[in-house]
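Below is one structure, written out as C-alpha cells; the observations come after it.
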Amino acid sequence: MSRKLHARRIEGIDKNIWVEFSQLAADYKAVNLGQGFPDFSPPHFIQEAFCKALNGGFSKHQYTRAFGHPNLVKILAKFFSRIVGREIDPMEDILVSVGAYQALFCTFQALIDEGDEVIIVEPFFDCYQPMVMMAGGTAIYVPLKPREGCGPVLSSADWVLSPEELASKFSPRTKAIVINTPNNPLGKVKDL
C-alpha cells in the first residue's frame, strides 16, 4: 500500500528558490550572496568564547529559558528600549529564536487559523506564503509599485505602498499583515 508521506497542507509549497540558488552557486562556483556560506573561520575571540563555554562546567551545558537566556534578553531589552523610546520588559517582550524562519513559523502557527487571511506586501521573502498556507491561512497580496511620475525606477525609494490598495485588501477574515522593513528583497524602508 502506497501513501503520501507529506501532509496535504504542504501541497503546492514544495519549491524553494534558495535550494535552487545554492545548487547553482555550487555548480558554477559562484559567490552565494543569498545565504551566508563564509569561506573563513570565525574570529579568534568567538572561538575562545566557545572553548570557554565548553570548559565552563555543567552550568554552561544546560537548557536555558525557552524564550532566551535571561542575561541575553535583558541586554536586548535595554538596547531596544532606547531605540523605540519606551521600556521593554525582557521577560515578556523579547523572544530569542534560532533565526527569522523559526520566529516567523512559530508566529504564523500561533496566530493563524484555518480560513484566516494574511496580507503580504510584494515583493516578499519567499517563506511568508508557505508558512501562512501551513497554518491554514490564505495569503492576500498588495504590491509595491513605482512612484507615479518618478521617471526611471532607480532605487528602493522609488517603490511605494498605496494606502488605498492596502485598505482594499482588508476583510472580516484578515488576521495579520506582514510588514517587512527594510523590505527583503528590495531594501525598501517603509514610512509607517
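First residue of the sequence shown? That's 1 in full-length UniProt numbering, and the numbers climb one at a time after it. Heads up, the beta-carbon is just placed ideally off N, CA and C, and yes, glycines get one too.
Between the options, which has its C-alpha nearest residue i's C-alpha?
i           : options                 : result
Q35         : I17, R9 and K78         : I17
residue 196 : I94, V121, G149 and H61 : Given a span of 1 to 192 for the chain in the structure shown, any question on residue 196 remains unanswerable.
W159        : P143, K4 and K169       : P143
F125        : A100, D113 and F50      : A100
P123        : L161, G149, M91 and P90 : L161
A110        : V98, D89, C127 and V132 : V132
H6          : Y63, H69, P185 and M134 : M134
I179        : P43, I140 and I120      : I120
I13         : P130, L166 and R147     : P130
K169        : T181, I140 and G68      : I140
L104        : Y128, G85, R82 and D89  : Y128
Pull the bridge partners of residue i from the DSSP assignment, please.
i    : result
P90  : According to DSSP, P90 bridges with nothing at all.
Y128 : None; Y128 has no bridge partner.
Y141 : I120
P146 : W159
T174 : E117
On the criterion of 16 or more Cβ atoms from any shown chain inside 10 Å, does residue i qualify as buried, or is it exposed?
i           : result
Q47         : exposed
N183        : buried
M91         : exposed
K188        : buried
Y28         : exposed
residue 224 : Residue 224 is absent from the structure shown; the chain starts at 1 and stops at 192.
F58         : exposed
G68         : buried
Could you tell me whether the Cβ of residue i comes closer than 8 Å to any Cβ of chain D?
i   : result
N71 : Given the protein chain composition of this structure (a single chain), no chain D is represented.
Taking only three categories from DSSP, how would you classify residue i?
i    : result
K74  : helix
V121 : strand
I179 : coil
A26  : helix
T107 : helix
I13  : coil
If residue i sits next to residue j, beta carbons under 8 Å apart, how far is it from one beta carbon to the other, in whole angstroms?
i    : j    : result
T174 : E117 : 5 Å
G136 : D113 : 6 Å
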